[in-house]
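Reminder that position 3 of the sequence shown reads as 3 in full-length UniProt numbering, one-by-one numbering, no gaps. In this text, a Cβ means the ideal position worked out from N, Cα and C, and glycines have one as well. None of the values given here were measured: they were computed from a predicted structure.
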Amino acid sequence: MKKGLFDLTEVATYFFRKKDPNRKSNFNLRTMHTINKISILMFLAGVIYFIIKHI
Numbered sequence: 001m002k003k004g005l006f007d008l009t010e011v012a013t014y015f016f017r018k019k020d021p022n023r024k025s026n027f028n029l030r031t032m033h034t035i036n037k038i039s040i041l042m043f044l045a046g047v048i049y050f051i052i053k054h055i
């Protein structure tokens, strides 16, 4: 089995990374990342609900 198959460090670093002080703040980029975080959380909640409901 591949070792990196269930490597979730990309997801964890997406949620818990520090802000880059050298990067300009862009409203569109912040909005996109906020919507992405909400959609990931909703997807995970749906998967957890599906697992609980069908087991």
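Item checked: Nearest-angstrom Cβ-Cβ length linking residue 37 and residue 16, presumed shorter than 8 angstroms -> The Cβ separation is near 11 angstroms, so there is no contact.
Notebook entry, point to check: Taking just the CA atoms, how far does residue 46 sit from residue 35?
Noted result: Rounded to the nearest angstrom, the two C-alpha atoms are 16 angstroms apart.
Check: Start and end of the alpha helix (DSSP H) containing residue 29?
Finding: Element bounds for residue 29: 27–54.
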